[in-house]
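The structure appears below as structure tokens.
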Amino acid sequence: MKKFQIISIFIIIAVSLIAVGNVLAQEPVPTPSADEVNSIAGNMFCPVCENIPLDVCGTEACEMWREEIADLLILGFSEDEIYEYFYERHGDMVLATPPLKGFNWLMYIIPGVAMIIGTVFLFRYLKNTTKQTAAEEIEEKPSEIKDPYLDKLEEELKKRN
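Going by my numbering, the first residue of the sequence shown is number 307, and it counts up by one from there.
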């Protein structure tokens, strides 16, 4: 039995040394900086508060999301993959710029179209008002002008009739 105890102790020590050797051979996992996490979190919104960027919100949910972003960066996810990960789990409301899927493309087109239509209406309005003021000025000017020749001409025309 002593021989069995010695062999089992030797096996335990050998296995322990092998496990320690593997741990010592691993490289340290690079942790992402707060700036890296905040650069991604700045393009996302808080799940609890409305319209507050994730990087400045102090709620516990935002802290957890920032930690999750850091964990995903450690796992090797790219910035776009992290956005896609949160989009799939929480929908497009968490992203500062929603993807161009479904009716989201209307958010990009409608403001431009509205500006063009507004500019056209403003241009037409200004054009019509300047025409009206010019026409009013032309109508008012003959009555304001006192030309002796015109007065004499009008008197002679009245006499002939």
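Backbone N, C-alpha and C define an ideal beta-carbon position, used for all residues, glycine too.
* Would you decide whether F392 is buried or exposed? Buried here means 16 or more other CB atoms lie within 10 Å of its CB. => Taking the first residue of the sequence shown as 1, we reach residue 392 at position 86. By the neighbour-count criterion, in which a residue is buried when 16 or more other Cβ atoms sit within 10 angstroms of its Cβ, F392 is buried.
* Evaluate the contact criterion for the segment 334–353 versus the segment 370–387: three or more CB pairs, one atom per stretch, below 8 Å. => As far as the Cβ criterion goes, the segment 334–353 touches the segment 370–387, which means the pair count is three or higher.
* Name the DSSP beta bridge partners of M350, please? -> As a first step, residue 350 must be located in the sequence shown, where it is residue number 44. M350 pairs with L401.
* Sequence-distant residues of the same chain with beta carbon closer than 7 Å to C355, five excluded per side -> The count along the sequence shown starts at 1 and reaches residue 355 at position 49. Here the set comprises C363 and T365.
* Span separating the alpha-carbon of I358 from that of N410 -> On the sequence shown, position 52 is the one that residue 358 refers to. On the sequence shown, position 104 is the one that residue 410 refers to. Looking at the two C-alpha atoms, the distance is approximately 20 Å.
* Taking the alpha carbon of E385 as the point to measure from, which residue in G348, G408, I415 and G418 has its own alpha carbon closest? -> Counting from one through the sequence shown, the residue named residue 385 turns up at place 79. G348 is the residue among G348, G408, I415 and G418 whose C-alpha sits nearest the C-alpha of E385.
* Hey, how far is the Cα of E387 from the Cα of F316? -> By 1-based counting over the sequence shown, the position of residue 387 is 81. By 1-based counting over the sequence shown, the position of residue 316 is 10. Cα-Cα distance, rounded: 48 Å.
* **CA-to-CA distance, F429 to D456, given in whole angstroms** => Along the sequence shown, read from residue 1 onward, the residue named residue 456 stands at position 150. Along the sequence shown, read from residue 1 onward, the residue named residue 429 stands at position 123. Checking the displayed sequence, the identity of residue 456 turns out to be Leu instead of Asp. Distance between the alpha carbons of L456 and F429: 39 Å.
* May I ask you to list the residues that DSSP assigns as paired with P359? => What you label residue 359 is simply residue 53 of the sequence shown in a count that begins at 1. DSSP lists F351 as partners of P359.
* **Nearest-angstrom Cβ-Cβ length linking Y389 and L401, presumed shorter than 8 Å** => For the purposes of this step, residue 389 is taken as the residue at position 83 of the sequence shown. For the purposes of this step, residue 401 is taken as the residue at position 95 of the sequence shown. Yes, Y389 and L401 are in contact; Cβ-Cβ is about 6 Å, under 8 Å.
* Run through DSSP, which three-state label would T435 get? -> In the sequence shown, counting from the first residue as 1, residue 435 sits at position 129. T435 falls in the helix class under three-state DSSP.
* **Buried/exposed call for D453, threshold 16 Cβ in 10 Å** => Taking the first residue of the sequence shown as 1, we reach residue 453 at position 147. Exposed, because fewer than 16 other Cβ atoms sit within 10 Å of the Cβ of D453.
* Could you give the residue range of the alpha helix (DSSP H) that holds D457? -> Along the sequence shown, read from residue 1 onward, the residue named residue 457 stands at position 151. DSSP places D457 inside the alpha helix (DSSP H), whose first and last residues are P454 to R466.
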